[in-house]
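Just below is one structure, and these are the notes that go with it.
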Amino acid sequence: MKLTRREVLKSAAAASAFMALNGTLPDMAVAAPGEPDKWVKAVCRFCGTGCGVMIGVKNGKVVTVKGDPNNHNKGFLCLKGAELPSIVNATKSRVTRPYIRNNGQLVPASWDEAMNLVVSKFKSAIKEHGPTSVAYYGSGQALTEESYLANKIWKAGLRCNNVEGNPRLCMASAVGGYYTSFGKDEPIGCYKDIDAATCFFIIGANMSECHPILFKRVAARKQADPNVKIIVVDPRRTNTARIADIHVSFKPGTDLAILNAMAYVIIEEELDNPRFYNKYVNFMTNDKKKVDFKAYRKFLQDYTPEKAEKISGVPAEQIRTIAKMFGNASAPMSLWTMGLNQHIRGVWANNLTTNLHLLTGQLGKPGATNFSLTGQPNACGGVRDTGSLCHLLPAGRMIKKSKDRAALEKQWGLKPGTIAPKPGLHTIALWNAFSEGKIKAMFVLCTNPAQSLPNVNMYTEGMKRKDNFMVLSEPFMDAETVKYCDVLLPPAFWCEKRGVYGCTERRYSLLMKAIEPIGECRPDVDILLDFAKRMGVDPKVIPFNNVDDIWDEWREVSSATPYNFKGMTRARQEKESGILWPCPTEDHPGTCHRYVRGEDPNIPKDYKNKMWFYGTKDGKARLWLRPYAPAAEEPDAKYPMVLTTGRVIDHWHTGTMTMKSPVLRRSFPNAYVEVNIDDAKKHGIKNGDNVLLETRRDKMVFQAKVSDVCRPGLVFVPWFDQNLIINKLTLNAFDKGSKQPEYKICAVRIKKA
Numbered sequence: 000m001k002l003t004r005r006e007v008l009k010s011a012a013a014a015s016a017f018m019a020l021n022g023t024l025p026d027m028a029v030a031a032p033g034e035p036d037k038w039v040k041a042v043c044r045f046c047g048t049g050c051g052v053m054i055g056v057k058n059g060k061v062v063t064v065k066g067d068p069n070n071h072n073k074g075f076l077c078l079k080g081a082e083l084p085s086i087v088n089a090t091k092s093r094v095t096r097p098y099i100r101n102n103g104q105l106v107p108a109s110w111d112e113a114m115n116l117v118v119s120k121f122k123s124a125i126k127e128h129g130p131t132s133v134a135y136y137g138s139g140q141a142l143t144e145e146s147y148l149a150n151k152i153w154k155a156g157l158r159c160n161n162v163e164g165n166p167r168l169c170m171a172s173a174v175g176g177y178y179t180s181f182g183k184d185e186p187i188g189c190y191k192d193i194d195a196a197t198c199f200f201i202i203g204a205n206m207s208e209c210h211p212i213l214f215k216r217v218a219a220r221k222q223a224d225p226n227v228k229i230i231v232v233d234p235r236r237t238n239t240a241r242i243a244d245i246h247v248s249f250k251p252g253t254d255l256a257i258l259n260a261m262a263y264v265i266i267e268e269e270l271d272n273p274r275f276y277n278k279y280v281n282f283m284t285n286d287k288k289k290v291d292f293k294a295y296r297k298f299l300q301d302y303t304p305e306k307a308e309k310i311s312g313v314p315a316e317q318i319r320t321i322a323k324m325f326g327n328a329s330a331p332m333s334l335w336t337m338g339l340n341q342h343i344r345g346v347w348a349n350n351l352t353t354n355l356h357l358l359t360g361q362l363g364k365p366g367a368t369n370f371s372l373t374g375q376p377n378a379c380g381g382v383r384d385t386g387s388l389c390h391l392l393p394a395g396r397m398i399k400k401s402k403d404r405a406a407l408e409k410q411w412g413l414k415p416g417t418i419a420p421k422p423g424l425h426t427i428a429l430w431n432a433f434s435e436g437k438i439k440a441m442f443v444l445c446t447n448p449a450q451s452l453p454n455v456n457m458y459t460e461g462m463k464r465k466d467n468f469m470v471l472s473e474p475f476m477d478a479e480t481v482k483y484c485d486v487l488l489p490p491a492f493w494c495e496k497r498g499v500y501g502c503t504e505r506r507y508s509l510l511m512k513a514i515e516p517i518g519e520c521r522p523d524v525d526i527l528l529d530f531a532k533r534m535g536v537d538p539k540v541i542p543f544n545n546v547d548d549i550w551d552e553w554r555e556v557s558s559a560t561p562y563n564f565k566g567m568t569r570a571r572q573e574k575e576s577g578i579l580w581p582c583p584t585e586d587h588p589g590t591c592h593r594y595v596r597g598e599d600p601n602i603p604k605d606y607k608n609k610m611w612f613y614g615t616k617d618g619k620a621r622l623w624l625r626p627y628a629p630a631a632e633e634p635d636a637k638y639p640m641v642l643t644t645g646r647v648i649d650h651w652h653t654g655t656m657t658m659k660s661p662v663l664r665r666s667f668p669n670a671y672v673e674v675n676i677d678d679a680k681k682h683g684i685k686n687g688d689n690v691l692l693e694t695r696r697d698k699m700v701f702q703a704k705v706s707d708v709c710r711p712g713l714v715f716v717p718w719f720d721q722n723l724i725i726n727k728l729t730l731n732a733f734d735k736g737s738k739q740p741e742y743k744i745c746a747v748r749i750k751k752a
């Protein structure tokens with residue numbers, strides 16, 4: 000299907016799921032004339048879907064892209080993926096050499112000058128204040144090898160566990176949900192489940208704009224079988240909701256009550272599956288005490304649909320309808336993302352969604368799965384799996400567990416006790432410490448915290464301190480964080496380097512190098528290896544010469560764990576378009592469903608039961624009794640409305656990349672505030688008017704977009720706009736378990752400006 004740029008712009012907001020594009024995209028993606036000399040296999044640079052991309056190269060430049068027909072996206076790309084060439088070729092915006100800040104200005108420097116300064120600052124901080132005075136802040140956009148390397152440098156080389164990354168802001172609650180329910184992180188199922196599901200339960204996810212290729216697949220499933228049901232639970236009536244059989248609009252922050260009420264109805268209607276949960280499930284209270292089904296049923300008495308209606312604003316009958324729709328489905332599939340994760344009870348919301356599957360026995364078969372959608376291309380494979388957060392070690396191990404530390408120390412050839420036993424600082428605590436001058440030196444790689452952190456004014460003030468130091472590896476000169484760094488390093492961009500991205504479904508795909516880095520840019524692996532060498536890290540700890548060496552060690556480390564992907568050799572990755580772990584041998588096809596006998600290689604073929612949740616001590620999943628709890632900051636008389644944030648289909652995260660595309664920039668040049676029609680009338684606001692938004696942290700003016708998308712009392716602002724940074728208004732309260740911030744809810748007042 001070919002679309003002109005004008006047609007794409009015209010239809011972008013209305014039919015996002017059906018803008019998936021096939022072929023070479025000559026109208027949209029060509030960045031230079033002529034047919035490509037060669038096609039190079041890669042992975043999309045944007046969301047966590049992990050679409051396969053073929054890069055067309057001519058005379059050493061990227062001239063076009065097309066979807067990889069052999070990958071799970073079956074040759075389709077969304078609008079952002081189609082615009083990758085224009086972003087790659089935005090070379091005037093690139094950082095092409097190192098810079099050092101001098102008298103407030105960034106001035107060009109040599110690599111030696113820049114790296115000598117970086118190392119001197121880190122060495123002096125460690126000498127004067129100890130290894131916990133330095134930190135690494137990475138990204139779900141860095142390659143797997145880059146994150147693995149940085150993690151090892153810090154935790155094994157510097158003996159510092161202050162290793163964090165932006166997945167803490169987006170996926171930590173999903174990690175906590177999977178760990179507490181199953182004992183291990185990452186989804187049970189895969190994208191193929193979409194093709195077999197008979198009911199989609201989409202909660203806290205605007206798939207049509209944030210995961211359009213997967214939403215296209217959901218829509219295709221519905222089109223193929225009209226009996227397939229789609230439930231969307233979202234306080235906004237997004238394009239995702241417009242194809243649903245039923246859209247549940249609720250008071251923001253009350254999804255816990257709705258999920259518990261659904262469980263109540265499932266039991267009341269005898270749609271539960273005692274044979275499943277009696278064999279495979281333990282019922283657990285918040286204080287980690289094991290109880291029986293009777294206690295769970297008693298707990299749910301506080302969440303009848305009528306009681307949940309009073310909390311959530313959702314009619315009791317509607318709750319009953321969706322619960323019965325889920326409970327009667329032969330293969331229900333839950334899909335969620337930031338709408339559940341970015342809350343102070345994000346882990347609980349993940350648990351309660353999983354509870355519906357454990358209660359009905361709807362796991363471990365085609366179409367029946369609980370599936371967390373990921374926001375970044377390598378948050379799963381690059382950060383979660385490599386253990387590149389302050390409390391984790393590679394392959395699902397935990398710093399606080401002595402046996403996990405000992406096992407990794409043995410694999411890494413370290414002396415016992417090398418890895419510090421105390422977890423480091425999580426993202427909010429880390430940036431608090433940096434702002435307070437307790438963290439003296441910070442290495443930031445492939446992320447833009449000066450725009451993405453919540454309550455960001457607090458942290459940019461900290462970045463201005465004269466007594467701390469921040470080095471930034473960033474491809475684009477106009478990224479917000481560039482304003483605050485002390486040293487700026489020029490990394491190779493996306494297709495200028497080689498390495499692995501691991502997407503939402505546990506699929507590891509190889510990104511091949513297509514073109515040479517521009518200017519003096521270097522791959523982040525080379526930058527980190529140089530840093531380690533100059534810091535005096537033992538060469539036996541960091542024995543790597545190149546990115547392939549790192550991958551081979553990571554495969555070997557995984558082989559002693561249930562993550563085992565030793566069979567994913569480089570030669571195999573070059574031939575295939577992604578493989579799902581576990582994949583223990585080179586002839587193993589990869590694993591679609593975990594914890595299932597006959598599919599998961601971690602389960603013996605003669606195991607007595609169909610499923611084994613081997614991440615827990617007793618091999619059983621956990622069904623949690625999680626109560627409703629309100630948001631950290633609810634509306635009141637002074638701030639009577641709720642502000643929520645999110646994405647639009649045309650842009651991605653802080654817009655640093657997508658704003659380089661003329662097509663995407665014209666489609667949405669600025670952020671806006673979405674206001675409900677009734678609220679607009681109440682405040683005398685018309686479409687296009689300037690509106691003042693004010694929270695307890697800051698105030699800003701946005702242009703109004705009046706519609707029926709938001710429910711009354713709710714306003715929405717996308718966060719891509721560097722000139723209108725909505726995170727100046729958001730709240731930095733966080734989930735006590737996952738430490739993920741509550742971006743989705745804070746109290747706000749509005750008026751016509």
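FYI, numbering that gives the first Met the number 0 numbers position 432 of the sequence shown as 431, with every residue one higher than the one before it. Don't be surprised by glycine CBs; every beta carbon is placed ideally from N, CA and C.
- Item | First and last residue of the uninterrupted beta strand (DSSP E) at Val346 | Along the sequence shown, read from residue 1 onward, the residue named residue 346 stands at position 347. Val346 -> not in any beta strand (DSSP E); alpha helix (DSSP H) instead, spanning 345 to 359.
- Task: Please work out which residues of its chain come closer than 7 Å, Cβ to Cβ, to Thr284, disregarding the five sequence neighbours upstream and downstream, and give them in chain order.
- Result: Against the sequence shown, residue 284 aligns to sequence position 285. Excluding sequence positions up to five before and after Thr284, its CB lies within less than 7 Å of the CB of Val290, Leu624, all in the same chain and listed in chain order.
- Alpha-carbon to alpha-carbon, Thr336 and Ile202: If you number the sequence shown from 1, residue 202 lands on position 203. If you number the sequence shown from 1, residue 336 lands on position 337. C-alpha separation (whole angstroms): 8 Å.
- Query: Taking the beta strand (DSSP E) that Met114 falls in, what are its first and last residues?
  - Reply: Here the question's residue 114 lines up with position 115 in the sequence shown. Where Met114 is concerned, there is no enclosing beta strand (DSSP E), although the alpha helix (DSSP H) around it starts and stops at 110 to 128.
- Consult DSSP for Val536 and reduce its assignment to one of helix, strand or coil. Translated into the one-based positions of the sequence shown, residue 536 becomes position 537. Note: Val536 maps to coil in three-state DSSP.
- Message: I'd like to know whether the C-beta atoms of Asp720 and Ala703 end up nearer to each other than 8 Å.
- Response: If you number the sequence shown from 1, residue 720 lands on position 721. If you number the sequence shown from 1, residue 703 lands on position 704. In terms of Cβ geometry, Asp720 and Ala703 do not form a close pair [threshold 8 Å].
- Message: Can you list, in chain order, the residues of its chain with a C-beta nearer than 7 Å to that of Thr303? Leave out the 5 residues immediately preceding and following it.
- Response: In the sequence shown, counting from the first residue as 1, residue 303 sits at position 304. The residues are Ala260, Tyr263.
- Going by the beta-carbon positions, is the gap between Gly436 and Asp485 smaller than 8 Å? By 1-based counting over the sequence shown, the position of residue 436 is 437. By 1-based counting over the sequence shown, the position of residue 485 is 486. No. Outside cutoff.
- Task: Identify which residue in Arg696, Val705, Arg695 has its Cα closest to the Cα of Lys685.
- Result: The residue given as residue 685 occupies position 686 in the sequence shown. When Arg696, Val705, Arg695 are compared, the shortest CA-CA separation from Lys685 is found for Val705.
- For Tyr638, which residues from the same chain have a beta carbon less than 6 Å from its beta carbon, with the 5 sequence-adjacent residues on both sides left out? By 1-based counting over the sequence shown, the position of residue 638 is 639. Once the five neighbours on either side are set aside, the close Cβ partners of Tyr638 are Ala746, Val747, Arg748.
- Is Arg100 helix, strand or coil when you go by DSSP? Taking the sequence shown and counting its residues from 1, one reaches residue 100 at position 101. In the three-state reduction of the DSSP assignment, Arg100 falls in the strand class, which pools E and B.
- Message: Pop quiz: Gly47 and Leu372 are said to be a contact at Cβ under 8 Å. What is the actual Cβ separation, rounded to whole angstroms?
- Response: Stepping through the sequence shown from its first residue, residue 47 is reached at position 48. Stepping through the sequence shown from its first residue, residue 372 is reached at position 373. With a Cβ gap of about 7 Å, Gly47 and Leu372 count as contacting.
- Inter-residue Cα distance where the pair is Met699 and Thr644: Your numbering for residue 699 matches position 700 in the sequence shown. Your numbering for residue 644 matches position 645 in the sequence shown. Their Cα atoms are separated by approximately 14 Å.
- So what does Val672 bridge to, in DSSP terms? Translated into positions along the sequence shown, residue 672 becomes position 673. In the DSSP output, where bridge partners are listed per residue, Val672 has Ala703.
- Label Arg274 either buried or exposed according to how many other C-beta atoms from any shown protein chain fall within 10 Å of its C-beta, with 16 as the threshold for buried. In the sequence shown, residue 274 corresponds to position 275, counting from 1. Flag for Arg274 reads exposed.
- With 16 as the cutoff for other CB atoms within 10 Å, does Ala732 come out buried or exposed? Here residue 732 refers to the residue found at position 733 of the sequence shown. By the Cβ-count criterion, Ala732 is buried, with 16 or more other Cβ atoms from all chains shown falling within 10 Å of its own Cβ.
- Secondary structure of Lys681, DSSP reduced to three states: Mapped onto the sequence shown, residue 681 falls at position 682. In this structure, Lys681 counts as helix in the three-state DSSP scheme.
- Query: Does the beta-carbon of Val217 have 16 or more other beta-carbons within 10 angstroms, so that it is buried, or is it exposed?
  - Reply: Translated into the one-based positions of the sequence shown, residue 217 becomes position 218. By the C-beta density criterion, Val217 is buried, having at least 16 other C-beta atoms within 10 angstroms.
- Return the chain-ordered list of same chain residues with a C-beta closer than 6 Å to the C-beta of Ala628, the five sequence neighbours on each side being excluded. Within the sequence shown, residue 628 is the residue found at index 629, counting from 1. Taken in chain order, the residues that qualify are Arg344.
- Message: Looking only at its chain, what residues have a beta carbon closer than 7 Å to the beta carbon of Pro35, apart from the 5 residues adjacent to it on each side?
- Response: Translated into the one-based positions of the sequence shown, residue 35 becomes position 36. So the list reads Gly55, Val56, Lys57, Val62, Thr63, once near-sequence residues are dropped.
- In the DSSP assignment, find the unbroken beta strand (DSSP E) run with Gly137 in it and report its ends. Numbered from its first residue, the sequence shown carries residue 137 at position 138. According to the DSSP assignment, Gly137 belongs to the beta strand (DSSP E) that extends over 133 to 137.
- Query: Of all the options Gly461, Ser451, Pro251, which has the alpha carbon lying nearest to the alpha carbon of Ala478?
  - Reply: Mapped onto the sequence shown, residue 478 falls at position 479. Its Cα nearest to that of Ala478, the residue Ser451 stands out among Gly461, Ser451, Pro251.
- Message: My output table needs one value for Gly324: the three-state DSSP class, helix, strand or coil.
- Response: The sequence position of residue 324 within the sequence shown is 325, counting from 1. A quick correction: the sequence has Met, not Gly, at residue 324. In this structure, Met324 counts as helix in the three-state DSSP scheme.
- Can you list, in chain order, the residues of its chain whose CB lies under 6 Å from that of Pro97, leaving out five sequence neighbours each side? Within the sequence shown, the letter at position 98 stands for residue 97. Around Pro97: Ala108, Trp110, Ala113, Leu488.
- Residues near Val346 in its chain [Cβ-Cβ closer than 7 Å; skip 5 each side]: On the sequence shown, position 347 is the one that residue 346 refers to. Taken in chain order, the residues that qualify are Ser172, Gly175, Gly176, Thr179, Asp734, Gly736, Ser737.
- Report yes if the CB atom of Val546 is closer than 8 Å to the CB atom of Ile724, and no otherwise. By one-based count along the sequence shown, residue 546 stands at place 547. By one-based count along the sequence shown, residue 724 stands at place 725. No, Cβ-Cβ distance for Val546 and Ile724 is not below 8 Å.
- Query: Within the chosen definition, does the region 313 to 329 reach the region 657 to 671 through at least 3 CB pairs nearer than 8 Å?
  - Reply: No, because fewer than three Cβ pairs between the region 313 to 329 and the region 657 to 671 fall closer than 8 Å, the two stretches do not touch.
- For Glu519, collect the residues of the same chain with a Cβ closer than 8 Å to its Cβ; drop the 5 residues on either side in sequence, then sort them by chain order. Translated into the one-based positions of the sequence shown, residue 519 becomes position 520. The answer, listed in chain order, is Thr95, Arg96, Pro97, Trp110, Pro489.
- In the structure shown, what three-state DSSP assignment does Ile193 receive? Here the question's residue 193 lines up with position 194 in the sequence shown. Residue state for Ile193 is assigned as helix, using DSSP reduced to three classes.
- If you count every other CB in all the chains shown that lies within 10 Å of the CB of Asn369, and 16 or more means buried, which is it? The count along the sequence shown starts at 1 and reaches residue 369 at position 370. Buried, since its Cβ has 16 or more Cβ neighbours within 10 Å.
- Message: Measuring CB atoms only, is the region 427 to 445 touching the region 138 to 146, in the sense that at least three cross pairs come out at less than 8 Å?
- Response: With a cut-off of 8 Å, the region 138 to 146 and the region 427 to 445 count as touching, because enough Cβ pairs lie within range.
- What is the C-beta distance between Thr503 and Pro186, in whole angstroms, given that I count them as a contact (C-beta under 8 Å)? For this step, residue 503 is matched to residue 504 along the sequence shown. For this step, residue 186 is matched to residue 187 along the sequence shown. About 7 Å separates the beta carbons of Thr503 and Pro186, which is inside the 8 Å limit, making them a contact pair.
- Message: Give me the DSSP bridge partner(s) of Pro717.
- Response: Taking the sequence shown and counting its residues from 1, the one referred to as residue 717 is at position 718. Looking at the DSSP assignment, Pro717 forms a beta bridge with Gly645.
- Quick one: residues in its chain with C-beta nearer than 7 Å to the C-beta of Leu357, no 5 flanking neighbours on either side, listed in chain order? For the purposes of this step, residue 357 is identified with residue 358 of the sequence shown, where counting begins at 1. Closer than 7 Å at the Cβ level, and outside the excluded window around Leu357, lie Tyr276, Val280, Ala620, Leu622.
- Task: Please state whether DSSP places Lys57 in a helix, a strand or coil.
- Result: Here the question's residue 57 lines up with position 58 in the sequence shown. Here Lys57 sits in strand by DSSP.
- Message: Does Thr143 come out as helix, strand or coil in the three-state DSSP assignment?
- Response: Here the question's residue 143 lines up with position 144 in the sequence shown. Residue state, collapsed to three classes: helix.
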